[in-house]
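What follows is a short report on a single structure.
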Amino acid sequence: MTFAREVAPRRYPFAMVGLHWLRAVLVLGLIALGWWMTVLPDADPIKFALYPVHKQMGVTVFIIAVIALIVRGRSTYPGEPRGLSRWEATLSRMTHRALLVLTVIVPLTGYAMSSSYIDSDGVPFLFMALPELLPKSNAGFAVFQWLHRVLAYTLLGLALLHVIGALKHRLSDRGGETDVLERMT
Ligand code: HEM
Ligand code: HEM
């Protein structure tokens, strides 16, 4: 009699790799765009042309983030690499989880901010306007604006930590167990 044994694959499946890089590019682009559009002076005509672009891209990231979570839940992917110290393994696991959660929550706070803003132009998506479900309120808007800013820059900080970790292991352990860049390509 033979026993089927689940062996963790050496690389992430194609769908997870594709979604990872698409999400990475869009998230980093959105942070740069969000920062740029908010520092432009109100008199600059480009400023308010950028807002709908940011909102549409943000809603797209939300959809991709939810799809990525579903695909992740149904996939078999490599486990933690051997050779990490206990604190490195914990930090990497917590960072991945925080990145997954924030990529869903940040767009929701953006939507909530737009939806509660009294003079909002709405949230455009695929040639239509999404329904604005929250009551209009200055106080609500201020809370969601603050949350959106703080959580978006927290996401940036964690993404930088994540990239530094990947590059550190590439440089110090090239081709070794902890050089995980290969398995996400
Ligand atoms: C992962 C998705 C998103 C990221 C990473 C992101 C990131 C950012 C960042 C970094 C800023 C600049 C904050 C500041 O410096 O004050 C910003 C501003 C803004 N975002 Fe997002 N955003 C996302 C999704 C969304 C969505 C889905 C919406 C609306 C539907 C949205 C609406 C806005 C608006 C209206 C502002 C300008 C706020 C202001 O004028 O103070 N964002 N975003
Ligand atoms: C552009 C720079 C980036 C690089 C070089 C990079 C690299 C990597 C590598 C090598 C892995 C595999 C780690 C392992 O197997 O232990 C990984 C996983 C992961 N990355 Fe990135 N990444 C980048 C940006 C991002 C961004 C911006 C996000 C989030 C928005 C992100 C979210 C994740 C998550 C959640 C995982 C864990 C895989 C999973 O469990 O779904 N990455 N990344």
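Everything in the sequence shown is counted per our numbering, starting at 55 for the first residue and increasing by one.
Beta carbons: idealized from backbone N, C-alpha and C, even for Gly.
Item, Value
"beta-carbon K190 near ligand 1 non-hydrogen atom, thresh 7 Å", "no"
"Sufficient close CB pairs (3 or more, under 8 Å) joining the region 93-100 to the region 77-85", "no"
"Whole-angstrom C-beta distance between V158 and V120, which should lie under 8 Å", "7 Å"
"Unbroken beta strand (DSSP E) run spanning F179, endpoints", "177-179"
"Test item: CB-CB of L156 and L215 under 8 Å", "no"
"Any non-hydrogen atom of ligand 2 closer than 7 Å to T157 Cβ", "yes"
"Neighbour-count burial assignment, M182, 16 or more Cβ in a 10 Å radius", "exposed"
"Straight-line Cα distance separating A152 from V125", "17 Å"
"Where the beta strand (DSSP E) containing Y184 begins and where it ends", "Note that residue 184 is Leu in the sequence shown here, rather than Tyr. Here the beta strand (DSSP E) through L184 covers 182-184."
"Proximity below 8 Å, CB of G112 to CB of P189", "no"
"Ligand 2 heavy atom lying under 7 Å from the CB of A62", "no"
"Burial state of S191 (16 or more Cβ within 10 Å)", "exposed"
"Helix, strand or coil at Y165 [DSSP, three-state]", "helix"
"Same chain, Cβ closer than 8 Å to W90, neighbours up to 5 away in sequence not counted", "L104"
"Check: A220 C-beta below 7 Å from any heavy atom of ligand 2", "yes"
"Own chain, CB closer than 7 Å to D233, minus 5 neighbours either side, in chain order", "H223, R224, D227"
"Segment contact flag, the region 128-140 with the region 165-176, C-beta cutoff 8 Å, min 3 pairs", "no"
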